[in-house]
Each structure stands twice: as C-alpha cells, then as structure tokens.
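Going by the working numbering, the final residue of the sequence shown carries number 129, and the count climbs one at a time with no gaps.
Okay, structure first, notes after.
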Amino acid sequence: MAFTIEITSLDKISEAAAQFIEKMGDNKVFVFYGSMGAGKTTFIKSVCEQMGVTDVINSPTFAIVNEYESGKGEPIYHFDFYRINKEEEAYDFGYEDYFYSGNVCFIEWPEMVKNLIPEDAIEVHINENEDGSRTVKVG
C-alpha cells in the first residue's frame, strides 16, 4: 500500500479524507508523521468525519487518547503522544488494548513510542508545501 494524496486547500480536505478511506483496506493502525502544524490532527478529524463520527473531534494532546464512534458504531482511537516523556507512560493506559483491538487507530507523534507501534502499522507522512498545500504520503 503506497499512495500520495495532494490537498491543495483546506476546502479540499474532505475529498482527500474520502480518498484515504477508500484505500485504507483492512489496515487498522495508522501512524502520522509531520512537523508541528503540518495538519495531522486536521486530516484525522476530516477522516473521522468521513467515517461518520459525530462526536467533537480534537487533538488528544493532554488525554493521550480520544475514542470516537464511527457511523457503523465501531470505535476509532485517536492518539497524540506529543506530550509523553518516556515510552513507559504508554503502559499506564494499556496501549496494547487499543493498538491490538482490531479497531482503527490513528496515532500522532508515533516516534515518541516507536518500540510499541505494531509492525503492520501504516505510515502516513504529511508535509506542508511552500504554497500552503499539503502532501499526504501513505505507505
């Protein structure tokens, strides 16, 4: 699985999210890389909305994990490990119960817990271009 999605402007993000979902296949764990402000949370929010989430979707920066419900009633887990100081902190909330649940997991700042990420996780790199557009490289 390798593909690229171009997001030319914020009003095109829903289309990009729909493309992403179309190509997710049976994969469940996605790790998002990108600099601060690259648009990781914004893209994940749009993907969740396209998956039928009606809850408020925001960055779980302080909570570490947010749980949403898809339009099909399935849990979606959204992680943000930016504020974690050491990998061991992930053990405190039972990361493996989420990562290996068989439910969709979107993980921001996975480099903070790199040894805990499942081997079959799909990498998603979001880069901001000079013109303000974003390139999403998956796989």
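Each residue gets a CB set at the ideal place from its N, CA and C atoms; glycine is no exception.
- Message: Please report the straight-line C-alpha distance between Gln40 and Glu77, rounded to a whole angstrom.
- Response: In a straight line, the C-alpha of Gln40 is about 31 Å away from that of Glu77.
- Message: Check whether the segment 25 to 40 and the segment 118 to 128 are in contact - that is, three or more C-beta pairs closer than 8 Å.
- Response: yes
- Query: Under a three-way DSSP split, which group does Asp141 fall into?
  - Reply: The chain is shown from -9 up to 129; residue 141 falls before or after that span and cannot be answered.
- Rounded to a whole number of angstroms, what is the C-alpha to C-alpha distance between Gln9 and Thr32? 15 Å
- Message: Looking at Lys49: is its Cβ nearer than 7 Å to the Cβ of Ser4?
- Response: Reading the sequence as shown, one finds Ser at residue 49 and not Lys. At the C-beta level, Ser49 and Ser4 stay beyond 7 Å of one another.
- Task: Report the rounded CA-to-CA distance for Glu109 versus Asp16, giving the unit in angstroms.
- Result: 15 Å
- Give the secondary structure of Lys13 by DSSP, where H, G and I count as helix, E and B as strand, and everything else as coil. In this structure, Lys13 counts as helix in the three-state DSSP scheme.
- Same chain only: Cβ atoms within 6 Å of Glu113, ignoring 5 sequence neighbours per side: Val21
- Item | Proximal residues to Asn93 (C-beta, below 7 Å), its chain only, five neighbours per side dropped | Once the five neighbours on either side are set aside, the close Cβ partners of Asn93 are Lys18, Glu64, Pro65, Ile66 and Tyr67.
- Could you tell me how far apart the beta carbons of Val126 and Thr(-6) are, in whole angstroms, since I believe they sit closer than 8 Å? Contact holds; Cβ gap of about 7 Å.
- Message: With H, G and I counted as helix, E and B as strand and the rest as coil, what does DSSP make of Ile3?
- Response: Reduced to three states, the DSSP call for Ile3 is helix.
- Message: Given this structure, state the Cα-to-Cα distance separating Ile74 from Ser123, to the nearest angstrom.
- Response: 29 Å
- Query: CA-CA distance, Ala6 and Glu(-4)?
  - Reply: Rounded to whole angstroms, Ala6 to Glu(-4) spans 7 Å at the Cα level.
- Please name the residue or residues paired with Pro65 in a DSSP beta bridge. Glu59
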